[in-house]
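Chains as they are written, first to last, in the working numbering: chain A, 5 to 115; chain B, 20 to 658.
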Amino acid sequence: MPIQYYIYLCLALFSIGIIGVLTRRNAIIVFMCIELMLNAVNLLLVAFSKVHNTMALAGDKTSMAGIEAQLFVFFIMVVAAAEVSVGLAIIVMMYRNVHSVDINFLNRLKN
Amino acid sequence: MSKLVYLVPLFPLLGFLVNGLFRKSLSKQLIGIIGSGAMLASFVVSLLVFFDVKNGGGATVHLFDFIHVGSLVIPFEFLVDPLSSLFLLIITGIGFLIHLYSTAYMHEEEPMHFGRYFAYLNLFVFSMLLLILGANYVIMFIGWEGVGLCSYLLIGFWFKNNNYNAAAKKAFIMNRIGDLGFLLAVFWLIVKLGTVSYASVFAAVSQLSATDITIITTLLFVGAMGKSAQIPLYTWLPDAMAGPTPVSALIHAATMVTAGIYMIARSNILYTMAPATQTLVAVIGLSTAIFAATIALKQNDIKKVLAYSTVSQLGYMFLGLGVGSYTGAVFHVMTHAFFKALLFLGAGSVIHAMHHEQDITKMGGLKSKLPITHITFLLGCLAIAGVPPFSGFFSKDEILMAAYNTNPIFYYVGMGGALLTAFYMFRLYSLTFLGNFRGTAHQQEHLHESPSAMTIPLMVLAFFAVVAGFVGIPELFAPDAHALEHFLAPVFAGSAALTHAHHLEASTEWILMGTATVLILIVILYAVTKFKKYTSTETNTGIAKVLENKWYIDELYDTIIVKPLFWKANFLKNTIEKYVIDGAVNGVGKLVGYGSRQFRLVQSGQVGSYILMMVMAVAFFIIIWFNDNTIMHFIHKIF
Numbered sequence: 005m006p007i008q009y010y011i012y013l014c015l016a017l018f019s020i021g022i023i024g025v026l027t028r029r030n031a032i033i034v035f036m037c038i039e040l041m042l043n044a045v046n047l048l049l050v051a052f053s054k055v056h057n058t059m060a061l062a063g064d065k066t067s068m069a070g071i072e073a074q075l076f077v078f079f080i081m082v083v084a085a086a087e088v089s090v091g092l093a094i095i096v097m098m099y100r101n102v103h104s105v106d107i108n109f110l111n112r113l114k115n
Numbered sequence: 020m021s022k023l024v025y026l027v028p029l030f031p032l033l034g035f036l037v038n039g040l041f042r043k044s045l046s047k048q049l050i051g052i053i054g055s056g057a058m059l060a061s062f063v064v065s066l067l068v069f070f071d072v073k074n075g076g077g078a079t080v081h082l083f084d085f086i087h088v089g090s091l092v093i094p095f096e097f098l099v100d101p102l103s104s105l106f107l108l109i110i111t112g113i114g115f116l117i118h119l120y121s122t123a124y125m126h127e128e129e130p131m132h133f134g135r136y137f138a139y140l141n142l143f144v145f146s147m148l149l150l151i152l153g154a155n156y157v158i159m160f161i162g163w164e165g166v167g168l169c170s171y172l173l174i175g176f177w178f179k180n181n182n183y184n185a186a187a188k189k190a191f192i193m194n195r196i197g198d199l200g201f202l203l204a205v206f207w208l209i210v211k212l213g214t215v216s217y218a219s220v221f222a223a224v225s226q227l228s229a230t231d232i233t234i235i236t237t238l239l240f241v242g243a244m245g246k247s248a249q250i251p252l253y254t255w256l257p258d259a260m261a262g263p264t265p266v267s268a269l270i271h272a273a274t275m276v277t278a279g280i281y282m283i284a285r286s287n288i289l290y291t292m293a294p295a296t297q298t299l300v301a302v303i304g305l306s307t308a309i310f311a312a313t314i315a316l317k318q319n320d321i322k323k324v325l326a327y328s329t330v331s332q333l334g335y336m337f338l339g340l341g342v343g344s345y346t347g348a349v350f351h352v353m354t355h356a357f358f359k360a361l362l363f364l365g366a367g368s369v370i371h372a373m374h375h376e377q378d379i380t381k382m383g384g385l386k387s388k389l390p391i392t393h394i395t396f397l398l399g400c401l402a403i404a405g406v407p408p409f410s411g412f413f414s415k416d417e418i419l420m421a422a423y424n425t426n427p428i429f430y431y432v433g434m435g436g437a438l439l440t441a442f443y444m445f446r447l448y449s450l451t452f453l454g455n456f457r458g459t460a461h462q463q464e465h466l467h468e469s470p471s472a473m474t475i476p477l478m479v480l481a482f483f484a485v486v487a488g489f490v491g492i493p494e495l496f497a498p499d500a501h502a503l504e505h506f507l508a509p510v511f512a513g514s515a516a517l518t519h520a521h522h523l524e525a526s527t528e529w530i531l532m533g534t535a536t537v538l539i540l541i542v543i544l545y546a547v548t549k550f551k552k553y554t555s556t557e558t559n560t561g562i563a564k565v566l567e568n569k570w571y572i573d574e575l576y577d578t579i580i581v582k583p584l585f586w587k588a589n590f591l592k593n594t595i596e597k598y599v600i601d602g603a604v605n606g607v608g609k610l611v612g613y614g615s616r617q618f619r620l621v622q623s624g625q626v627g628s629y630i631l632m633m634v635m636a637v638a639f640f641i642i643i644w645f646n647d648n649t650i651m652h653f654i655h656k657i658f
């Protein structure tokens, strides 16, 4: 499959994520959109890694070039999972305090 | 001996430094001794230099290079020749007498101001000596500016009186106008000849075109107009009376006002080659002579009369220069220095006795109370009026004869001025010394002759005012008896070679001289009889009122120059400064403040808007990235 398809897909996912973050006020949806952007990038990373590796294999059957990126992706997923747990915990605490998950409430922190 | 000429200005400079720096710790007596002693030392050296020059000495003394830029070299040199050595004698000799006189005249001052006074006096004499001795126009200019500065300092010596400060400023500004002309002339010389030393300028004078010479001489004359108080820049000199009387004597007799005469006499060859300028000099000189004399007729301040008489006499000197009688002009400088110093110091003695009363209508009958002052003052009056055989007769006669030679009209107008001189001087004399006392009883009780420190200079000056004329006996009386002309001949040799003097018929000269003398004597008798019985204080009307108000020249200058200048300055201050300059400065500040206030609102605390802006910025840069690499290049360079 040509690399362009992956790029378009990732672009679409990333844009959806951005638009979601910008337009929605519900903290959980915002959070989901952030995850969406993160995963768009992950997907792009994997796709580029695969393409890179495939091209390297054409010259050398045992080449491992580009394969590290796939390891990075796992790391990112692990870190993202940790981040999600922290983020969700914050949202839960927020809901307990103000009975709302509207992010515009957060601006009262500024005072 | 001429090599030691640098000592002449050195002594007054040291006197200035010592008196100026230690004026708070020195006693008045010591200050007086230092100030006068410096002058005496200078005078002794001047005498030695003079006799050295008289015996054929004279030299250019090179001290160091003052300016050395590219091909332009301006050395710090002193020129010792007959002209400068004669001026040295006048300045240091009369200067010394005035210093001596000042020790008594200024005794009421506090020690600090007393020291300041003597420091200024010494600096004044130092500057004048520098002016005289300099061997090029630049050194002359240093002295030229120096005397301007010192006159400012001394005229405004009693700086607590605002009128005196105004007079000082007037003197300074009038002088500055003249100085500009002088400076331009020097620059012109540098551009055209690349040198300012007298010797090389006068040697190269034939390389200059006629236009150049005319312009240079005219510009130099503008400088002389300011310094020597000629029309139209003369108004500062009468106002300079604000200073202490000995200062007036110094300004009028020994230093300052003679600078212009000296400068033109020094540059005589330039002037001889510029007939147009010479005519201008003669006309300006003559008009000043007659104009100032008319003003002096109606002045009632003893010092004002003398001041206008100085302006008038300076006019005669310029007339002499203008008609090519350089010796006559220098001769008149010399005799005038004696009798004008005498008259001013005599006036100072009168003022001293009258407790600072200067109005002659309130004097009278001082003859018996101030015998020495009276006799010496009378001799001074006779000398300035030109009564033979007093000194003024010889010098004035020489100038007027030369004027007759050039143009008889000059002679007749000049003669008229001389009659006016005789009239106002004897009006002054009669009002002051003859008749009845018109002052207050308190003043009458305290009338006293001045101390000997004041009368001795008067007597010395009176002696010279009487006999100084005999160094210039005209050819008419005894052939080859004009000692001064022989002495100065080397300086004016260049000019003499260019002009072929034709002497007047002896009979014409006798007639002119005789008529003049008789007329002067008649005028003197008339003035004395008219003012001896002066009692009333009639108010002047018509032309007399105009004369009393000095032809309203000050008012005229005020209207056509000072007022419009103030108006412009006010316009700049109130409109341009306030709205344009301040508007721009404050406007920038306000703009930044307003912009900041508006821009601050961007930071609203809405997280969403921050993100939106972030995204938009990134999008913006991406668009640039894809569209124009040069902009990104630029941005890379910055960060």
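Just so you know, even glycine gets a beta-carbon here, dropped at the ideal spot from N, CA and C.
Taking 8 Å as the threshold, the shortest C-beta distance from residue 25 of chain A to chain B falls below it. Inclusion of residue 472 of chain B and residue 123 of chain B in the CB contact set at 8 Å is warranted, their separation being smaller than that value. By the CB criterion at 8 Å, residue 407 of chain B and residue 536 of chain B fall inside the cutoff. At a cut-off of 8 Å between beta carbons, residue 657 of chain B makes no contact with chain A. Contact of residue 95 of chain A with chain B is not assigned, every C-beta pair being separated by 8 Å or more. A direct Cα-to-Cα measurement between residue 330 of chain B and residue 274 of chain B gives close to 14 Å. Between the alpha carbons of residue 37 of chain A and residue 604 of chain B lies a distance of about 51 Å. Bounds of the alpha helix (DSSP H) holding residue 573 of chain B are 572-576. Within the stretch 621-632 of chain B, the residues whose Cβ lies closer than 9 Å to any Cβ of chain A are, in chain order, 623, 624, 625, 626, 627, 630 and 631. Counting C-beta pairs with one atom in each stretch, the stretch 129-145 of chain B and the stretch 45-63 of chain B have three or more that are closer than 8 Å, which means they touch. Within chain B, the residues placing a beta-carbon under 7 Å from that of residue 22 of chain A are 634, ordered along the chain.
Distance from residue 575 of chain B to residue 484 of chain B at the Cβ level is roughly 36 Å; contact not present, criterion being Cβ atoms closer than 8 Å. The three-state reading of DSSP puts residue 375 of chain B in coil, since its state is none of H, G, I, E or B.
Taking all protein chains shown into account, residue 104 of chain A has fewer than 16 neighbouring C-beta atoms within 10 Å of its C-beta and is therefore exposed. In its chain, beyond the 5 residues on either side, 113, 356, 359 and 360 have a beta carbon closer than 6 Å to the beta carbon of residue 272 of chain B. Look at residue 107 of chain A: its C-beta is under 8 Å from a C-beta on chain B. With a threshold of 16 other beta carbon atoms within 10 Å, residue 610 of chain B falls short and is exposed. A direct Cα-to-Cα measurement between residue 424 of chain B and residue 431 of chain B gives close to 12 Å.
If you check the CB distance, residue 417 of chain B and residue 344 of chain B come in under 8 Å.
Taking a 10 Å sphere around the C-beta of residue 229 of chain B, we find fewer than 16 other C-beta atoms and assign the residue as exposed.
Annotated three-state conformation of residue 66 of chain A is coil, per DSSP. Bounds of the beta strand (DSSP E) holding residue 82 of chain B are 78-88.
Contact between residue 34 of chain B and residue 53 of chain B holds, since their C-beta atoms are separated by about 6 Å, short of 8 Å.
The alpha carbon of residue 197 of chain B has as its nearest neighbour, out of B:255, B:233 and B:155, the alpha carbon of B:255.
Residue 287 of chain B counts as buried, since at least 16 other C-beta atoms from the protein chains shown sit within 10 angstroms of its C-beta. In this structure, residue 480 of chain B lies near residue 116 of chain B, with their beta-carbon atoms less than 8 Å apart. A contact between stretches requires three or more CB pairs, one per stretch, nearer than 8 Å, and the stretch 80-100 of chain A meets this requirement with the stretch 35-55 of chain A. With distances taken between CA atoms, residue 143 of chain B lies nearest to B:165 out of B:364, B:165, B:565 and B:300.
Annotated three-state conformation of residue 319 of chain B is coil, per DSSP. In the DSSP secondary-structure assignment, residue 99 of chain B is bridged to B:78.
Exposure of residue 516 of chain B is indicated by the presence of fewer than 16 other C-beta atoms within 10 angstroms of its C-beta. As a beta-bridge residue in DSSP terms, residue 91 of chain B pairs with B:88. Inter-residue distance for residue 540 of chain B and residue 383 of chain B is about 22 Å (C-alpha atoms, whole angstroms). In the three-state reduction of the DSSP assignment, residue 155 of chain B falls in the strand class, which pools E and B. Distance from the CA atom of residue 12 of chain A to the CA atom of residue 107 of chain A, rounded to whole angstroms, is 30 Å.
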